[in-house]
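First comes the structure, then the notes that go with it.
Protein chains in written order, with the working numbering: chain A, 1 to 458; chain B, 459 to 916.
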């Protein structure tokens with residue numbers, strides 16, 4: 001689907017580093033626009049930190065470097081010289097930013113410090129790469145904040161989740177918020193909340209995460225502030241990030257056998273107009289189609305008039321692949337009746353819109369599409385979870401019966417590892433927003449009030 | 459000035475790789491917005507190519523690699539492994555893009571291919587680094603086009619110069635368009651047009667360039683198309699790029715002893731409102747200032763209400779450093795008279811605007827500022843050129859008498875090199891838009907119709 005819709009080109013001569021072609025990049029840039037809108041509105045400042053990080057800075061937080069040691073790219077030479085200090089190509093920017101935060105934060109008046117950047121990041125993936133899902137150059141945003149207390153950092157996490165809710169609404173994407181297990185949290189984090197969505201094959205895809213660092217980074221990077229009593233204290237930090245996997249999720253969750261189905265908010269063209277010409281009315285219909293285009297454009301709707309010299313059916317096919325949410329067909333009969341015929345990409349539903357209320361009519365349908373796509377995707381996610389009492393209910397490998405599983409878990413590492421290893425599945429974590437539960441640990445049988453979620457992952 | 463206005467932070471632990479802090483990044487993003495607007499409007503598609511380029515691709519065009527050999531960063535290791543093929547961190551993207559263009563271009567119907575990207579690029583600078591002027595990670599745009607003929611490529615260059623004119627108008631920046639000498643053109647180019655501006659010390663700064671490649675890259679990268687007769691031919695290519703030096707030029711050309719002077723088009727805040735409070739009218743004035751802010755915001759003007767608890771004089775000082783084009787002062791007397799007092803950043807001119815025509819009044823002043831800043835900058839550039847008959851008129855080093863020089867040149871390499879070497883100055887080139895001239899070569903004395911420009915460069 002990625003190739004048919006020309007979203008990216010994976011023929012670039014480095015495996016896992018793909019070229020963003022115009023159509024895919026346009027969609028990604030709409031996603032970025034919503035991210036910027038939400039982060040700006042909540043008082044985050046956009047910055048841009050250097051790509052390269054000296055090895056000496058990179059190694060300051062021990063767990064962090066351990067987590068990334070085997071998957072970073074190293075710059076060792078510049079021009080004809082070998083560098084004294086090797087440089088890491090950013091896999092994420094904690095170690096680039098925090099030496100500067102140590103200079104920027106002086107007093108409690110500098111807090112909270114809320115920054116973000118939208119950049120590309122680099123991981124030397126050894127697993128099979130897949131466009132937007134597992135790549136070696138990853139487009140993403142990362143926000144980094146500093147606070148005067150653990151509580152204020154916690155408030156930031158609540159704000160992040162509200163930002164998430166608003167962004168995901170534009171993308172019509174459902175998600176789980178799961179607090180990751182201790183062995184799966186981000187290297188250096190106090191805790192990590194994973195943001196996962198379910199793919200059509202019932203594997204889950206992690207779209208991003210939110211981390212509470214407490215002072216785990218501010219101690220090694222010496223980020224301190226003077227409080228109101230003149231005491232020096234370490235800041236509490238959080239980060240939040242999501243990647244181009246958002247686009248990967250869009251494609252898989254909404255797409256169908258005919259191609260992409262794009263949410264109107266991120267569709268490069270929200271509407272395509274296909275004139276239905278006959279020999280005798282070609283001029284009249286073309287002129288009317290141009291008026292339609294101009295009226296919709298003036299109404300703030302992103303519209304494409306497909307006036308190529310080709311059969312309508314062939315044009316329908318092309319724009320279905322591209323996922324344009326709404327198609328308008330305009331023929332002689334439509335003009336006589338003062339209407340235009342529409343076809344929804346998501347449901348194939350057809351109907352007509354009166355030309356005298358074209359812009360509000362189109363807006364209403366786009367809003368309905370958005371609403372229906374979101375509802376359908378949430379319905380699928382909700383129906384994807386099966387609560388199990390015994391791990392034997394999990395099929396040994398991918399089958400049509402595979403689901404996302406919820407189950408009782410005593411919470412101990414031993415039971416967690418035992419479960420994961422025996423069933424080749426990953427515990428995604430426990431609900432970040434607590435779900436009432438009473439049951440038994442699926443492994444040791446102890447009574448527990450903790451529910452966990454597990455799935456095979458992409 | 460860069461530090462006082464908090465445009466970037468050069469304390470990052472790699473020399474020449476600076477952190478874009480929020481205020482500087484906002485200005486740069488406005489510049490990017492104009493670049494996107496103009497390139498999109500002329501049918502260029504935005505793309506995003508990988509950062510890393512395999513050494514094997516990088517070395518295909520011989521002159522090109524020679525030009526960059528000593529100034530690129532090399533990735534040699536990934537994780538714990540040494541790579542089989544070393545990777546170059548992009549210094550510019552010809553060698554990343556052209557293997558893909560060879561796949562994308564098939565027939566004359568695919569032409570012209572017009573693409574661009576806005577990314578960061580990397581040069582291992584060995585000279586003294588300076589923020590925005592000479593850095594090792596450079597924010598820039600690069601457009602790359604393919605055409606079916608040399609003439610069509612030439613038409614692209616004319617379009618590029620029209621795009622340039624429109625962008626520079628927003629930035630109130632003047633420029634020279636000079637066809638570079640043979641020994642100074644871009645590695646691999648047929649010819650290069652340099653875009654230079656004059657700094658207050660009369661040194662010139664190259665802001666960007668436009669290149670005609672003919673088929674110099676399409677032959678080694680095998681980018682061919684089938685013409686209407688079924689014949690396979692190599693495409694003709696052009697590129698065009700400008701960097702964050704645009705911001706460097708903005709700062710130097712427009713700034714004064716009190717700080718930045720920002721053109722309204724790229725100012726994060728176009729207007730700052732400073733309420734002048736006394737004990738008895740604080741509430742009334744504050745409320746009126748908030749109404750002013752809301753009215754201007756609703757009018758599409760970027761406005762900051764400075765309601766900090768500080769003296770007005772201290773606020774004036776801060777916003778002058780930041781270069782906010784227009785300051786509005788609102789006190790009890792102003793409210794009584796139904797006006798607001800304004801002060802222009804560029805000229806210090808003061809006056810009043812009637813509150814009943816606030817938005818059109820502010821718009822008019824911002825337009826006037828724009829016009830005056832542009833006129834003043836062009837006037838300076840025009841007055842910076844001195845036509846000389848003898849090279850002895852050039853001072854040996856930077857002095858108050860130093861200028862940009864124009865002179866007769868026979869056009870031969872020997873005279874050119876002799877002139878540059880003897881006077882420690884660079885020939886910027888010959889006017890791209892021909893200037894009528896008859897004189898003698900400043901070195902050999904032969905009659906010539908060619909005028910050249912030379913300057914010491916930043």
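No residue lacks a Cβ here, since even glycine has one placed at the ideal position from N, Cα and C.
Keep in mind the model is a prediction, meaning the values are calculated, not measured.
_Just to make sure I have the definition right: I need the residues of chain A whose C-beta is within less than 7 Å of the C-beta of residue 506/B. Which are they?_
20 and 25
*Counting only beta-carbon atoms, is residue 14/A nearer than 8 Å to chain B?*
yes
_Three-state class that DSSP yields for residue 206/A in the structure shown_ = strand
_To be precise: take each residue of the stretch 97-124 of chain A, compare its Cβ to all Cβ atoms of chain B, and keep it if any distance is under 7 Å. Which residues remain?_
99, 100, 103, 120 and 124
*Give me the Cβ distance between residue 830/B and residue 805/B, rounded to the nearest whole Å; I'm assuming they're in contact under 8 Å.*
7 Å
*Whole angstroms is fine: what's the gap from residue 649/B's alpha carbon to residue 203/A's?*
54 Å
_chain A contacts made by the stretch 496-521 of chain B, where a contact means CB separation under 9 Å_ = 503, 504, 505, 506, 507, 508, 509, 510, 511, 512, 514 and 515
*Along chain E, which residues have their Cβ under 9 Å away from the Cβ of residue 11/A?*
Absent from the structure: chain E. Protein chains present are A and B.
*Can you check DSSP and say which residues form a bridge with residue 242/A?*
141/A and 208/A
*DSSP three-state call for residue 363/A: helix, strand or coil?*
helix
_Against chain B, does residue 77/A count as a neighbour if the rule is that its beta carbon must be under 8 Å from one of theirs?_
yes
*Give the single residue among 855/B, 893/B, 911/B and 478/B whose Cα lies nearest to the Cα of residue 884/B.*
911/B
_C-alpha distance - residue 651/B paired with residue 638/B, whole-angstrom precision_ = 6 Å
*Beta-carbon neighbours of residue 530/B, restricted to chain A and to distances below 8 Å*: 78 and 79
_4-residue-minimum alpha helix (DSSP H) runs that sit fully inside the stretch 738-789 of chain B, ordered along the chain_ = 740-756 and 770-780
_Contact list for the stretch 592-625 of chain B against chain A, Cβ threshold 7 Å_ = 595
*Does DSSP classify residue 446/A as helix, strand or coil?*
coil
*Could you name the residues that DSSP lists as bridge partners for residue 135/A?*
Beta-bridge pairing links residue 135/A to no other residue.
*State the Cα-Cα distance for the pair residue 40/A and residue 519/B, rounded to the nearest angstrom.*
44 Å
_Residue ranges of each alpha helix (DSSP H) within the stretch 371-446 of chain A, 4 or longer_ = 413-423
*Return the residue from the list 443/A, 342/A, 115/A and 406/A that minimises the CA-CA distance to residue 414/A.*
443/A
*Cross-strand partners of residue 637/B (DSSP beta bridge)*: 651/B and 888/B
_Strictly below 7 Å CB to CB, what residues from chain A border residue 657/B?_
Per Cβ cutoff of 7 Å: no residues; residue 657/B is ~25 Å from chain A at best.
*Spell out whether any CB of chain A is found under 8 Å from the CB atom of residue 700/B.*
no
*asked:* Using DSSP's beta-bridge definition, name the partner residues of residue 800/B.
replied: 786/B and 809/B
*asked:* Can you confirm whether residue 370/A, when its beta carbon is compared against all beta carbons of chain B, has any partner nearer than 8 Å?
replied: no
*asked:* I'd like to know whether the C-beta of residue 547/B is nearer than 8 Å to at least one C-beta of chain A.
replied: yes
*Closer than 8 Å, CB to CB, is residue 17/A near chain B or not?*
yes
_Option in 122/A, 236/A, 47/A and 420/A with minimal Cα separation from residue 394/A_ = 420/A
*Note down, one range per segment and in chain order, each alpha helix (DSSP H) of at least 4 residues found wholly within the stretch 221-279 of chain A.*
245-254
_Tell me which residue opens and which closes the beta strand (DSSP E) that residue 912/B is part of._
909-913
_Can you check which of these residues, 865/B, 880/B and 875/B, is closest to residue 909/B by C-alpha distance?_
865/B
*Take residue 456/A as the anchor and find which of 286/A, 405/A, 146/A and 169/A has the nearest alpha-carbon.*
405/A
*Can you name, in chain order, every residue of its own chain whose Cβ lies under 8 Å from the Cβ of residue 807/B, other than the five neighbours on each side?*
801
_Looking only at its chain, what residues have a beta carbon closer than 6 Å to the beta carbon of residue 770/B, apart from the 5 residues adjacent to it on each side?_
732 and 734
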